[in-house]
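In this text, residue positions in the sequence shown follow our numbering: the first is 59, and each later residue adds one.
For glycine and all other residues, C-beta sits at the position ideal for the given N, C-alpha and C.
Just so it is clear, the structure is predicted and the values come from calculations on it, not from any experiment.
A short worksheet on the structure shown next.
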Amino acid sequence: MSLVHLKTFLEVYRQGAFTRAAGTLGLTQPAVTQHIAALETVLERQLFQRVSRAVTPTDIAHDLARRIGDHLDLTEEILAEFRARSSRLAGTVHLCGPSDILSDLVAPHLHMLCAERISLQLHPTIGDEIRDRLLSGNADFGFSVTLPPDDRIAHTPLGREELMLVATPSLAARIESEDTLSHGLERTPFLSYSIERDLLRQWIEHHELDIGRAEESVTAPDLRALRGLVTAGLGWSVLPRYLVSEALEAGKIKEIEGPNGCLTIGYELFWTKASARTPRILRARDLILEGFAA
């Protein structure tokens, strides 16, 4: 049994197919098949059941993956880290995430990557497309609040941001003049980030308010667009502090505080576990984290 065979097993387990695992590992499909067969011979157990072009892990495969997965990932990262110390890191790193997060939250922290001659390409992407880009190899890193759980994707926190309900000073005064905050919000048009209204819903639920049948005047997939519309007086919205701090200081908009104190959300960095075996990607990840820490 070798480390290479275990590495191949773990990739087949995570990808669910020999062909996809071969592409990720840079091997031929026959080589992957040979590695799995050799491992099954040593263990004297079947690891996968072949079904059409996919494979289904057996119970022994589930147990083996659970016991070696994190250890093997860590070993690969340590080896990649040592290789990175003598590797030329110049190249292109692809970053994806919502356009507003990339431009306003992420961009100011990328100078350390450029200092090491790593070129960057930013790809505006939202929702499940971030996960799909990572798994297909069309992006090296993703930035988002959340992603659907996937054993092939690793993540780490970058920081937290306060969510704030904001409106123009005149509109805020009108909302706060009502007998309750719920009534004031319900009787004033609002602007939301997405059809699911995630940020707005979180703020309303955190403060235990009821906005009834409040009128939604605009839905936009870019928080910067909402900031502009709020500043123009089209309604109230819930936005992260980093996007509205300058407008607040300039007096263009005003925060409407809720009764239950500050609400924050976390932003995370995502990458595939397979890509962390590449010295350049591992170094890029460390530089991104250093940039945010600084």
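Residue i Cβ short of 8 Å to the ligand HEM heavy atom set
i, result
"Asp128", "Absence of the ligand HEM is noted for the structure shown, with no ligands found whatsoever."
Coarse secondary structure for residue i, derived from DSSP in three states
i, result
"Arg218", "strand"
"Leu267", "coil"
"Ser144", "Its pLDDT being 49, under 50, Ser144 is placed unreliably by the model, and nothing is read from it."
"Glu135", "helix"
"Cys154", "strand"
"Ile184", "coil"
"Glu102", "coil"
"Thr277", "strand"
"Leu205", "coil"
"Leu71", "Reading off the sequence shown, one finds Tyr at residue 71, where the question assumed Leu. Reduced to three states, the DSSP call for Tyr71 is helix."
"Ile159", "helix"
"Gly81", "helix"
"Ala308", "coil"
"Thr322", "strand"
"Gly200", "strand"
"Arg255", "coil"
Beta bridge counterpart(s) of residue i as assigned by DSSP
i, result
"Arg108", "Val113"
"Val296", "Leu223"
"Gln179", "His152"
"Glu234", "Bridge partners of Glu234: none, in fact."
"Glu313", "Val224"
"Leu249", "Val276"
"His213", "Phe328"
Residues near residue i in its chain [Cβ-Cβ closer than 6 Å; skip 5 each side]
i, result
"Ala79", "Glu69, Val70, Gln73, Val90"
"Cys278", "It should be pointed out that residue 278 corresponds to Ala in this sequence rather than to Cys. For Ala278, where only same-chain residues beyond five positions count, the Cβ hits under 6 Å are Leu284."
"Leu287", "Leu249, Val276"
"Leu160", "Leu180"
"Glu220", "Arg299, Cys320, Thr322"
"Gly316", "His265"
"Ala332", "Thr82"
"Ser252", "none"
"Glu236", "Gly242"
Same chain only: Cβ atoms within 8 Å of residue i, ignoring 5 sequence neighbours per side
i, result
"Leu229", "Thr246, Gly291, Gly293, Trp294"
"His213", "Leu205, Glu326, Leu327, Phe328, Trp329"
"Glu111", "Note that residue 111 corresponds to Arg in the displayed sequence, not to Glu. The residues are Ala75, Thr77."
"Thr289", "Thr226, Ala305, Lys310, Ile311"
"Leu347", "Thr214, Leu216, Leu327"
"Ala95", "none"
"Ala197", "His152, Leu153, Cys154, His181, Thr183, Ile188, Arg191"
"Glu234", "Gly242, Ile314"
"Ser144", "Residue confidence for Ser144 is low, a pLDDT of 49 falling below 50, so the modelled location carries little weight; the figure read from the coordinates is stated next. For Ser144, where only same-chain residues beyond five positions count, there are no Cβ hits under 8 Å."
Residue of the options minimising C-alpha distance to residue i
i, options, result
"Leu193", "Leu130, Asp209, Leu180", "Asp209"
"Gly349", "Cys172, Ser240, Glu266", "Cys172"
"Thr238", "Glu266, Met222, Gly195", "Glu266"
"Ile231", "Arg103, Arg271, Leu297, Ile314", "At residue 231 the sequence reads Ala, which differs from the Ile that was named. The option with the nearest alpha carbon to Ala231 is Ile314."
"Gly84", "Leu347, Leu281, Gly324, Gly195", "Gly195"
"Pro337", "Met222, Thr133, Val224", "Thr133"
"Pro182", "Leu153, Asp198, Pro207, Asp190", "Leu153"
"Gly324", "Val151, Ser235, Gln260", "Gln260"
"Ile262", "His120, Val224, Val151", "Val224"
"Asp158", "Ala352, Asn318, Leu297, Arg343", "Leu297"
"Arg255", "Val151, Ala95, Ser240, Asp280", "Asp280"
"Ile118", "Asp344, Leu101, Leu168", "Leu101"
"Asp268", "Asp186, Glu307, Ser252, Ser240", "Ser240"
Proximal residues to residue i (C-beta, below 7 Å), its chain only, five neighbours per side dropped
i, result
"Leu130", "Leu64, Lys65, Leu68"
"Glu135", "Ala334, Leu340"
"Ala165", "none"
Cβ distance (whole Å) where residue i is taken to contact residue j below 8 Å
i, j, result
"Ser202", "Ile188", "5 Å"
"Leu105", "Thr114", "About 10 Å separates the two Cβ atoms, so there is no contact after all."
"Leu301", "Ala272", "About 22 Å; that fails the 8 Å criterion."
Closer than 9 Å to chain C by CB, residue i
i, result
"Ser161", "No chain C is present in this structure, which holds just one protein chain."
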